[in-house]
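Numbering (the working numbering), first residue to last: 120 to 319.
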């Protein structure tokens, strides 16, 4: 039961968008998925409630206990203590860190990576990747974020665009991979990159 933790201590980094869309993408591969909504705001829970019955291949959990699904995806809250992540470390196979293209978010990410290193969580046997989130193409902020991510020794596996398709999908309890490819081809290419990293 591979376990994926989506974590960034800063609020508004897109953890829920990443978690819900990842749950959809994995379930579309014929896998059972449990989405662990650990955020008190319960945004992932609200999203799942609006999902249509025929799409209900995703199970909800609001705690950290594993359920035995093929995949377990953890949507973590802002300000989640590093010791909480340490407690999950024995079960975690993948850690995905979303980061926004702003100088503030980049600085927070640097401090977070330093705290992971201090807690000896960068070399724990699991795979760690960074995902750029809400990226506007051909902007200075995108280029700044690209330069930052490419200098890390941590894989930079996908760029999720600042697209209204994510908003529209979320309103319907859907993910990008639920939508017709001709409408969201650019977004789906990035998700295929992330899935390839997970399965690699």
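C-beta atoms are modelled at their ideal positions from N, C-alpha and C, and glycine is treated no differently.
Throw me the rounded Cβ distance for the residue i and residue j pair, which I believe falls under 8 Å.
i, j, result
"residue 228", "residue 215", "The Cβ separation is near 12 Å, so there is no contact."
"residue 275", "residue 249", "5 Å"
"residue 157", "residue 195", "5 Å"
"residue 172", "residue 207", "About 31 Å; that fails the 8 Å criterion."
"residue 132", "residue 224", "7 Å"
Would you identify the three-state DSSP class for residue i, choosing helix, strand or coil?
i, result
"residue 210", "coil"
"residue 134", "helix"
"residue 150", "coil"
"residue 247", "strand"
"residue 180", "strand"
"residue 300", "helix"
"residue 165", "helix"
"residue 139", "helix"
"residue 199", "coil"
"residue 272", "coil"
"residue 305", "helix"
Nearest to residue i by CA position, among the options, is which residue?
i, options, result
"residue 314", "148, 205, 131, 235", "148"
"residue 318", "144, 207, 286", "144"
"residue 159", "241, 120, 197, 124", "197"
"residue 281", "309, 300, 178, 226", "309"
"residue 152", "278, 176, 222, 255", "176"
"residue 292", "202, 164, 246", "164"
"residue 155", "178, 169, 170, 136", "178"
"residue 244", "211, 253, 235, 183", "211"
"residue 279", "253, 271, 202", "253"
"residue 255", "299, 124, 306", "306"
Rounding to the nearest angstrom, what Cα-Cα distance links residue i and residue j in this structure?
i, j, result
"residue 174", "residue 130", "28 Å"
"residue 200", "residue 193", "14 Å"
"residue 138", "residue 189", "15 Å"
"residue 267", "residue 304", "26 Å"
"residue 122", "residue 301", "31 Å"
"residue 213", "residue 141", "12 Å"
"residue 135", "residue 127", "11 Å"
"residue 180", "residue 120", "15 Å"
"residue 299", "residue 205", "39 Å"
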